[in-house]
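Enquirer:
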Amino acid sequence: MIVAFMLAIMPLPDWAVELRPEWVTLVLIYWAMTAPSKIGITAAWFTGLLLDVSYGTLMGQHAIGMVLVIYVIHLQHQRLLMASLLQQAIVIFALLFIKQLLILWVDGMLGRAPDSWLYFMPTITSTILWPWIYIILKDLQRKYAASNPYQY
1 MIVAFMLAIM PLPDWAVELR PEWVTLVLIY WAMTAPSKIG ITAAWFTGLL
51 LDVSYGTLMG QHAIGMVLVI YVIHLQHQRL LMASLLQQAI VIFALLFIKQ
101 LLILWVDGML GRAPDSWLYF MPTITSTILW PWIYIILKDL QRKYAASNPY
151 QY
């Protein structure tokens, strides 16, 4: 999660800022799918608040989006684990798009709405990167579980 936060706030060139994936949300989705008893709504809320502080946005703006996404993931985590990576990516696209719409709605009420369609590019890049993120995190999870004999 720390690496995801670092990637989320890392400075990028001007042309790449709109392409930045939703690293923190993707990592949280993975852990909510694979360990739903450990990562829940409370973790989503606090992670969203940390994102709000990191981005300097209205407090609770990302938090409510994260809670919505993780709530849906919790409802469907068993089905998503059985789905192919392409099917998972489609569901994640829909959830991230709804999260972006929610944040856009709040920004619009504050008078800070973007004027470009590039606002939704993080949703697209996150969807494209989902299969690789899933594979990398699954591999790390297996390696950690194999090296930890006290895990039950």
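Each residue of the sequence shown is one higher than the one before, counting from 1 in our numbering. Beta carbons are placed, not taken as given, at the ideal position from N, Cα and C, and that holds for glycine. Here the structure is a predicted model, which means the values were calculated and not measured.
For Phe-120, I'd like the list of residues in its chain whose CB is within less than 8 Å of its CB, leaving aside the five on either flank, ordered along the chain.
Expert: Phe-97 and Gln-100, listed in sequence order.
Enquirer: Using CA coordinates, which residue listed in Ala-83, Pro-122, Ile-90 and Leu-28 is at the minimum distance from Val-17?
Expert: Closest by alpha carbon: Pro-122.
Enquirer: My output table needs one value for Gly-111: the three-state DSSP class, helix, strand or coil.
Expert: DSSP places Gly-111 in coil when its eight states are reduced to three.
Enquirer: Do you know offhand how far Leu-75's Cα is from Trp-45's?
Expert: Roughly 17 Å separates the two Cα atoms.
Enquirer: Taking Ile-124 as the reference, give the member of Gln-87, Met-10 and Pro-21 with the closest Cα.
Expert: Nearest C-alpha to Ile-124: Pro-21.
Enquirer: Since Asp-52 is in the alpha helix (DSSP H), which residue starts that stretch and which ends it?
Expert: Where Asp-52 is concerned, the enclosing alpha helix (DSSP H) stretches over 41-55.
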